[in-house]
Amino acid sequence: MSETATTLVMHEAPHQGSVDELAAAVHDRNPEIPLTKAYSYEESKRALQDEATEIVITRALPDELLAEAASIGWIQALSAGVDHYDIERLRDRNIRLTNASGVHANPAAEQVFGYMLQFERNLRQGFRQQARREWRHFGGGELAEGTLGVVGVGEIGGRIAELGSAFEMTTLGLRQSPDRGHDAIDEMFGPDELHALLARSDYVALACPLTDGTRNLLSAREFESMPQHGVVLNVARGEVIDEPALITALQKGRIGGAALDVQRREPLPADSPLWDLSNVIITPHMAGSTPNYLDRCADIFASNYDRYVRGETDEFENQIV
1130 MSETATTLVM HEAPHQGSVD ELAAAVHDRN PEIPLTKAYS YEESKRALQD EATEIVITRA
1190 LPDELLAEAA SIGWIQALSA GVDHYDIERL RDRNIRLTNA SGVHANPAAE QVFGYMLQFE
1250 RNLRQGFRQQ ARREWRHFGG GELAEGTLGV VGVGEIGGRI AELGSAFEMT TLGLRQSPDR
1310 GHDAIDEMFG PDELHALLAR SDYVALACPL TDGTRNLLSA REFESMPQHG VVLNVARGEV
1370 IDEPALITAL QKGRIGGAAL DVQRREPLPA DSPLWDLSNV IITPHMAGST PNYLDRCADI
1430 FASNYDRYVR GETDEFENQI V
């Protein structure tokens, strides 16, 4: 570790054009940071082999590239989810990992409420009638006084709850440590109380990380616990839901609907029954998109960079490893 540590902005940034944008945003915050930019797999490989490269900013770091890294001490992930990283391997190599938790909170929460308003106000019926140039009255409900269950009260889940409170909804939260409250949550539940939360929720927003404990968190028994009009909203990971069980629950009317920004397989296969269900909204894993994305990532990185060169890595913001 040195007073200035060379940082690689890797080709695995959100998209190739964003390598320059992200590098510029980092330099806006600290022009003294030595940056290397890679626009391809081969360029990234060569930069990682350079012993001067200590830090990587990337969306993902494939295992074969990690094996090439000679002197990496810290990876700044450009995502909140880090389930695609080999955490134990990073620990074994004493490589720090920080994520972009909080960057997606507001856009993902707003998207959840976009879904909810479409279901509650029956706007999809309006879209269909508009396509047919059909003027025919239909009714809608109100979110106010409804109940919103939030599974995973981190940055995104917390923001979802805050918007729920603004809509005068009752907010229920579920987190690993239920003794840790949240100002926007009316009642907090622990992992063993999932069914109690589901039974009381008109809408269930999934905002939890993918772990061994959350894989297939919602399956047939969980859908049976929900009210028949209940709607599932997933901005977490596709694997959090048992997809065949969800399809069955939707087809048989056991739940009212689902809005899915993430899938078990992405892109969602063209032959998936989910495409054709009238009570399903599908978006292509874009709930976290925002014009402020790279600037917010740069804020986190620049703050942590100062800690890194001071040798204060235990004080990293958003530290995973």
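For the sequence shown, this note's numbering begins at 1130 and goes up steadily by one.
Backbone N, C-alpha and C define an ideal beta-carbon position, used for all residues, glycine too.
Just so you know, these numbers come straight off a predicted model, no measurement behind them.
Sort the options by Cα distance to residue i and report the nearest one.
i: GLY1367; options: ALA1349, THR1377, ARG1393 and ALA1334; result: ARG1393
i: LEU1379; options: PRO1402, LEU1397 and PRO1396; result: PRO1402
i: ASP1428; options: GLU1171, ALA1229 and MET1139; result: ALA1229
i: PRO1191; options: THR1182, VAL1369, GLY1359 and ALA1206; result: ALA1206
i: PRO1320; options: VAL1333, GLN1305, ARG1309 and ALA1334; result: GLN1305
i: LEU1219; options: LEU1194, ALA1328, HIS1358 and GLU1441; result: LEU1194
i: VAL1333; options: ALA1313, ARG1309, GLY1359 and GLU1316; result: GLY1359
i: PRO1236; options: PHE1296, GLU1446 and GLY1287; result: GLY1287
i: MET1118; options: ASP1212, LYS1381, LEU1389 and GLY1417; result: For the chain, the structure presents residues 1130 to 1450; residue 1118 sits outside this window and is missing.
i: PRO1160; options: ALA1142, ALA1181 and THR1135; result: THR1135
i: ARG1344; options: ALA1365, GLN1357 and ASP1331; result: ALA1365
i: THR1276; options: ALA1295, ILE1285, ARG1262 and GLU1239; result: ALA1295
i: ARG1253; options: THR1340, MET1415 and ILE1411; result: ILE1411
i: GLY1278; options: GLN1258, ARG1309 and SER1330; result: SER1330
i: TYR1170; options: LEU1164, ALA1154 and ARG1188; result: ARG1188
i: ILE1449; options: LEU1177, TYR1214 and PHE1248; result: TYR1214
i: HIS1156; options: ALA1431, ASN1447 and ASP1443; result: ALA1431
i: GLU1395; options: ARG1383, PRO1413, LYS1381 and GLY1382; result: PRO1413
i: GLY1283; options: ARG1262, ILE1370, GLU1271 and GLY1310; result: GLY1310
i: ARG1158; options: GLU1441, ASP1443 and TYR1434; result: TYR1434
i: GLU1271; options: ILE1285, GLU1249, ASP1405 and ALA1209; result: GLU1249
i: GLY1385; options: ALA1399, ASP1371 and LEU1406; result: LEU1406
i: LEU1397; options: ARG1383, ALA1416 and GLU1372; result: GLU1372
i: GLY1210; options: THR1419, VAL1369 and ASP1443; result: VAL1369
i: GLY1342; options: ALA1399, GLY1281, ASP1308 and GLY1382; result: GLY1281
i: LYS1451; options: GLN1357, LYS1166 and MET1415; result: Nothing can be reported for residue 1451: it is not among the residues displayed for the chain, which extend from 1130 to 1450.
i: ALA1142; options: GLU1441, GLU1183, LEU1423 and TRP1203; result: LEU1423
i: MET1415; options: SER1208, THR1377 and HIS1324; result: SER1208
i: ILE1285; options: GLU1441, GLY1417 and GLY1146; result: GLY1417
With respect to the alpha helix (DSSP H) encompassing residue i, which residues constitute its N-terminal and C-terminal limits?
i: LYS1174; result: 1170-1178
i: TYR1437; result: 1422-1438
i: THR1299; result: That residue, THR1299, is in no alpha helix (DSSP H); its beta strand (DSSP E) goes 1299-1303.
i: THR1377; result: 1372-1380
i: MET1245; result: 1234-1249
i: ILE1216; result: 1216-1221
i: LEU1195; result: 1192-1195
i: ARG1394; result: It is not in any alpha helix (DSSP H) - ARG1394 carries neither H nor E in the DSSP assignment.
i: HIS1156; result: 1147-1158
Taking the continuous beta strand (DSSP E) assigned at residue i, which residues delimit it?
i: ASP1293; result: In the sequence on display, residue 1293 carries Gly and not Asp. Careful: GLY1293 lies outside any beta strand (DSSP E), inside the alpha helix (DSSP H) at 1284-1295.
i: GLN1254; result: No beta strand (DSSP E) holds GLN1254; the alpha helix (DSSP H) holding it covers 1252-1260.
i: ILE1314; result: Careful: ILE1314 lies outside any beta strand (DSSP E) and carries neither H nor E.
Can the beta-carbon of residue i be found closer than 7 Å to that of residue j?
i: ALA1168; j: HIS1140; result: Sequence inspection shows Tyr at residue 1168; the Ala mentioned does not correspond to that position. A contact, by the Cβ cut-off of 7 Å.
i: ILE1453; j: ILE1201; result: An answer regarding residue 1453 cannot be provided, because it is not within the stretch 1130 to 1450 covered by the chain.
i: GLU1150; j: LYS1174; result: no
i: ALA1445; j: ARG1439; result: According to the sequence displayed, residue 1445 carries Phe and not Ala. Not a contact, by the Cβ cut-off of 7 Å.
i: ALA1260; j: GLU1297; result: no
i: VAL1232; j: ARG1425; result: yes
i: ALA1387; j: VAL1409; result: yes
i: LEU1346; j: ASP1212; result: no
i: ALA1290; j: ILE1314; result: yes
i: LEU1327; j: MET1355; result: yes
i: ALA1234; j: LEU1292; result: no
i: ALA1176; j: LEU1137; result: yes
i: ASN1447; j: THR1133; result: no
i: VAL1391; j: ASN1421; result: no
i: LYS1166; j: VAL1185; result: no
i: ALA1152; j: LEU1164; result: yes
Would you list the one or two residues that DSSP bridges to residue i?
i: VAL1361; result: VAL1333 and ALA1387
i: ALA1206; result: THR1187
i: GLN1448; result: THR1227
i: VAL1138; result: LYS1166 and ILE1186
i: LEU1347; result: ILE1370
i: GLY1278; result: LEU1301 and VAL1333
i: ALA1410; result: It is Ile, not Ala, that sits at residue 1410 in the sequence shown. ALA1388.
Do the segment 1262-1272 and the segment 1312-1329 make contact, defined as three or more Cβ pairs closer than 8 Å?
no
Three or more C-beta pairs below 8 Å linking the segment 1348-1357 and the segment 1289-1303
no
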